[in-house]
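Colleague: I'd like to ask you about the structure that follows.
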Amino acid sequence: MRILLAEDEKELSRALDVIMKHNKYAIDIVDNGQDAYDYIMTGIYDIVILDLMLPVIDGITVLRSIRGQGNMVPVIIITAKSEVDDKVLGLDAGADDYLTKPFDTKELLARVRALLRRRSDIVPKVVSLGNLTLNYETYELSTPKDSIKLPNKEFQVMEVLINNPRVVISFERFLEKIWGFEADKEPNVVWVHVAYLRRKLIKLDADVEIRATRNVGYALVPKDE
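Numbering of the sequence shown is given in my numbering, commencing with residue 1397 and proceeding in unit increments.
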């Protein structure tokens, strides 16, 4: 899952960056409303955490603009404003949830999970293809033979693959979805993580494999296809 955080308080941004990555979420951070709007409209995010009091363009304007363009990505507003009218303004502009600063990060994570469940109606705890299973709660990749807990980026690569079985995912899509707009990332970073996953699939005796389409991308497919 990929999150966009639009927040201009540097200390809070750094803290949430660490917390989200620890919980296996990919995260991009922007510190002004114009960048927030531009990033959101790429369509790569599963959820947005949006501060109301942003420079350049305020959060309410960003929210109204993306909703006006038909972008319905779930949005949690965070702000130091605690008056009821401010909350109503944010919700009426199209926010899905609202948190007042200071907030407990455990509550923010719970609200993120709740919105993700609501977006897809029911988010399964596990996803399977063939004899391979990916567990969203433990981050384990399993077969009847054994299980392996995946590091953050490997988990995200496998998440993309197993949720799109037999579909060739391009290098660019992996980079957008998992590494976001980190300018220093090259397509070979995808190859490295796929190589690690392939070794683990062999170790687990999985009956599926990550198959490459030359110069295009990768797909997770049953070995007998």
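C-beta atoms are modelled at their ideal positions from N, C-alpha and C, and glycine is treated no differently.
1) Which stretch, first to last residue, makes up the alpha helix (DSSP H) that contains Ala1591?
2) Taking its Cβ as the centre, do 16 or more other Cβ atoms sit within 10 Å of Gly1500, making it buried, or is it exposed?
3) If you scan the segment 1509-1576 from start to end, which runs of the alpha helix (DSSP H) of 4 or more residues do you find wholly inside it?
4) Compute the distance between the beta-carbons of Val1564 and Tyr1614, then report whether it is under 8 Å.
5) Counting only the same chain and skipping the five closest in sequence on each side, list residues whose C-beta sits under 7 Å from that of Asn1548.
6) Does the beta-carbon distance from Leu1557 to Leu1546 come in below 8 Å?
7) Counting Cβ pairs, one atom from each stretch, are 3 or more of them under 8 Å apart for the segment 1522-1530 and the segment 1436-1445?
8) Please state whether DSSP places Asp1488 in a helix, a strand or coil.
9) On a Cα-Cα basis, can you pick out the residue from Leu1616, Ala1602, Gly1576 and Arg1398 that is closest to Val1366?
10) Please report how far the alpha carbon of Phe1567 lies from the alpha carbon of Val1586, in whole angstroms.
Modeller: Quick answer:
1) Numbered from 1 along the sequence shown, position 195 holds the residue referred to as residue 1591. Run containing Ala1591: Asn1584 to Lys1599, per the alpha helix (DSSP H) assignment.
2) Translated into positions along the sequence shown, residue 1500 becomes position 104. Per the sequence presented here, residue 1500 reads as Asp, with Gly not at that position. So Asp1500 counts as exposed.
3) 1548-1558 and 1567-1570, all fully within the segment 1509-1576.
4) Within the sequence shown, the letter at position 168 stands for residue 1564. Within the sequence shown, the letter at position 218 stands for residue 1614. Against a cut-off of 8 Å, the Cβ pair of Tyr1614 and Val1564 comes out as a contact.
5) Within the sequence shown, residue 1548 is the residue found at index 152, counting from 1. Excluding residues within five positions, the ones whose Cβ falls inside 7 Å are Lys1417 and Lys1420.
6) Position 161 of the sequence shown, counting from 1, holds the residue named residue 1557. Position 150 of the sequence shown, counting from 1, holds the residue named residue 1546. With contacts defined as CB atoms closer than 8 Å, Leu1557 and Leu1546 fail to qualify as a contacting pair.
7) No contact exists between the segment 1522-1530 and the segment 1436-1445.
8) By one-based count along the sequence shown, residue 1488 stands at place 92. For Asp1488, the three-state secondary structure derived from DSSP is helix.
9) This structure does not reach residue 1366, given that the chain is present from 1397 up to 1621, and the question cannot be answered.
10) Working through the sequence shown from its first residue, we reach residue 1567 at position 171. Working through the sequence shown from its first residue, we reach residue 1586 at position 190. Rounded to the nearest whole angstrom, the CA to CA distance from Phe1567 to Val1586 is 7 Å.
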